[in-house]
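Per this note's numbering, residue 1 is the first one in the sequence shown, and the count goes up by one each step. Built from N, CA and C at the ideal position, the CB exists for glycine as well. These numbers were taken from a predicted model, which means no experiment stands behind them.
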Amino acid sequence: MGKKLYVGNLPYSIDDGRLQSAFEEFGSVTSAKVISDRETGRSKGFGFVEMDSDSDADAAINKLNGAELDGRAINVSEARPQEPREGGGRGGGGFGGGGRGGGGRGGGGFGGGGRGGGGGGRY
């Protein structure tokens with residue numbers, strides 16, 4: 001099985017194809033992906049490359065870590081598994097309910113109930 005590599009400090013002009021071609025010199029590349037901002041589509045300056053074999057991946061790390069790619073010294077290392085995130089993101093939801101941090105109070109819904117429990121409209 002292959003090895004997944006983290007590639008940091010990428011020039012913002014790099015795309016998936018250019019990233020892949022930089023690593024193909026060291027062996028078969030299974031995938032290459034530059035991570036981009038969901039909103040703007042602009043590169044975040046890092047990506048991941050999956051090499052077909054561990055030995056090819058190790059050779060790429062040894063030769064490319066600190067090497068210059070389009071004017072920037074890139075960082076190449078073995079990718080670590082993503083840590084599980086705590087808290088599950090923002091609470092709330094619905095119209096007007098999000099962005100307050102949530103924390104188990106009320107539901108989202110229309111207007112985002114910040115009162116927790118209790119029903120509106122009672123006498």
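For my contact list, residue i and residue j are in at a C-beta cut-off of 8 Å; report their separation, rounded to the angstrom.
{"i": "V49", "j": "A73", "result": "So it is not a contact: roughly 17 Å between Cβ atoms."}
{"i": "L5", "j": "M51", "result": "7 Å"}
{"i": "V34", "j": "D15", "result": "6 Å"}
In or out: residue i buried (at least 16 other Cβ within 10 Å) or exposed?
{"i": "D70", "result": "exposed"}
{"i": "D56", "result": "buried"}
When the distance is taken between beta carbons, is residue j closer than 8 Å to residue i?
{"i": "A60", "j": "F26", "result": "yes"}
{"i": "G17", "j": "F46", "result": "no"}
{"i": "T40", "j": "G2", "result": "no"}
Looking only at its chain, what residues have a beta carbon closer than 8 Å to the beta carbon of residue i, apart from the 5 residues adjacent to it on each side?
{"i": "R42", "result": "Y12, S36"}
{"i": "N65", "result": "I74, N75, V76, S77"}
Can you give me the Cβ contacts of residue i inside the same chain, cut-off strictly under 7 Å, excluding the 5 residues immediately before and after it?
{"i": "K63", "result": "F26"}
Quick one: which unbroken beta strand (DSSP E) runs of 3-plus residues sit fully inside the region 18 to 103? Chain order, please. Listed in chain order, they are 29 to 36, 43 to 51, 75 to 78.
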